[in-house]
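Counting with our numbering, you get residues 401 to 539 for the letters of the sequence shown.
In this text, a Cβ means the ideal position worked out from N, Cα and C, and glycines have one as well.
If you're wondering where the values come from, they're calculated on a predicted model, not measured in any experiment.
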Amino acid sequence: MASGLSAAPLSNKLFFIYFLILIGAAVYVGYLSFYDRTEFDLSKIKRHYLGSEEESFDQETPGYSENEMEEGLFFPKTHKEVLSIAHVHLFMIPLIIFVLSRILTMTLLRSELKIAVLSIAFAGAILNIFGPFTIMHFS
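Written out as structure tokens, the structure is:
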């Protein structure tokens, strides 16, 4: 006898498919946005949170390279700004992980694989939420 998603009515299967497509699009746009800001380069990630302006009291006019002028100035994020972003993420990420985890647990995958995926998702959520604070305070 079939169980899990294979036994679900067609309406439930369509709901899960549409939900997964939309979540996939949201994740893709999120990665695209982050890549646009940082190009997944550690120095640019630090610049995004810590800013690009170097305080220089020796020079009256700081010198900027042509590349820096094209990219623009990055101002450091305040603790309040990062806290505001983390607050929203603390509500949304657990909801998304809950729904996706529920869908995963309804599949016929081995229990060990499910536990591994759920643990990786939890660790990723923790890193996503607390990563900016780590960059701000330990870089």
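The alpha carbon of F533 has as its nearest neighbour, out of L508, S484, L495, F475, the alpha carbon of S484. Each of L518, M536, K446 was checked against the Cα of F498, and the nearest Cα belongs to L518. CA-CA distance, A516 to T507, rounds to 14 Å. Under the three-state reduction of DSSP, L405 is assigned to helix. Nearest Cα to K477 within the set L504, Y449, L500: Y449. Within the same chain, L508 come within 8 Å of S403 by CB-CB distance, once the 5 residues on both sides are set aside. Excluding residues up to 5 positions away in sequence, I423 lie with their Cβ nearer than 8 Å to the Cβ of I496 in the same chain. Counting C-beta pairs with one atom in each stretch, the region 520-535 and the region 485-492 have three or more that are closer than 8 Å, which means they touch.
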